[in-house]
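Residue numbering for the sequence shown follows my numbering, beginning at 35 and increasing consecutively.
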Amino acid sequence: MSQMDFSIRVPASTANLGPGFDSVGMALNRYLTLHVKSSEQWKFVMKSANLEGIPTDKENFIFQVADWISNEYGRDLPSVEVAMESDIPLSRGFGSSASAIVAGIELANQLLDLDLSVAEKTRWASIHEGHPDNVAPSIYGGLIIGSHREEETNIVYAGVPDIDLVAVIPEYELSTKESREALPKAFSHKEAVEASSISNVLVAAILQGDWVLAGKMMNKDLFHCPYRMPSIPEWQKAAELAEELPVYGATLSGAGPIILFFAPKGVGKEVKLQLRGHFKEHSVELLEVDRHGVTVSEKAVSSNQL
């Protein structure tokens, strides 16, 4: 028998990045952490206020993901107690559900010694999520560009951007499902070509480190921002400020309502102070790009080693 005693840390993520809809995402230094130890039965203990109300038994979403993975490999999960901590706001656009998916996959990976590769974790996570832009950054760290299809998931790791990020975080929640309902059902060929060309230039600019151009492309998105912005009252003011402040640009984080400003390195503190003056009713935070993705510490040791 093995005694389990390890921790899993999963970063938050921001997805879409304007026209990079369902394709471009970046890891952030907000984290979901699981502290795992052996137990006679499955139990989840919430250690953060924003996790109140989350199931503490096998109804927990993380268990369900881990159980799904174990079934895919024809294995049974051993029982553990999982203490959960998180500073990722729920249903705001920082990939809280995606981080839970990655946590569940990594939990199964550790408990069953599956030795999954980064590519395998990303494939499973993308199958569960439906697209890679939230889950892949939480696995890789840094910024990723990805495509997920029924037969394959392809990821390009684009490194760690040398930029500052400032987030305006409204107090209200906005579910991804609700936000997606505002999107059009179809584009004409002409509309699709125009939207794709903007997205292509965004990706090329990011890969060249040209964040001035990348910021311009964020503001020209045709895939999702124009349809989601009307339900986010903070956006109009944010769009005006993006023209006045020393930033590259601003866009929704994921499905919103968080608005993320992209600024030159070292300018973020100034931008944060100015934004606080305009959004006094909301939280305004300076963030960094997470470099490491999901990490595991204090891996399980055999009881005969104790």
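Beta carbons: idealized from backbone N, C-alpha and C, even for Gly.
Comparing alpha-carbon positions, the option among V70, S287 and I203 lying closest to V58 turns out to be S287. Residue environment: V79 is assigned as exposed (fewer than 16 neighbouring CB atoms within 10 Å of its CB, all protein chains considered). Bounds of any alpha helix (DSSP H) do not take in P291, whose DSSP letter is neither H nor E. Below 8 Å, enough C-beta pairs join the segment 154-164 and the segment 134-142 to call them touching: three or more. For the pair L275 and A297, the CB atoms are not nearer than the 9 Å cut-off. Taking 9 Å as the cut-off, the Cβ atoms of A289 and S213 count as close. In the structure shown, M38 falls within a coil segment according to DSSP collapsed to helix, strand and coil. In its chain, beyond the 5 residues on either side, F40, S41 and R43 have a beta carbon closer than 8 Å to the beta carbon of S331. Inter-residue distance for N234 and A226 is about 12 Å (C-alpha atoms, whole angstroms).
Rounded to whole angstroms, the gap between the alpha carbons of M118 and S104 is 21 Å.
Per DSSP, the beta bridge partners of A61 are S47. Rounded to whole angstroms, T187 and R262 show a C-alpha spacing of 27 Å. Around the beta carbon of P53, 16 or more other beta carbons sit within 10 angstroms, so the residue counts as buried.
One alpha carbon belongs to N94, the other to A46, and they sit about 19 Å apart.
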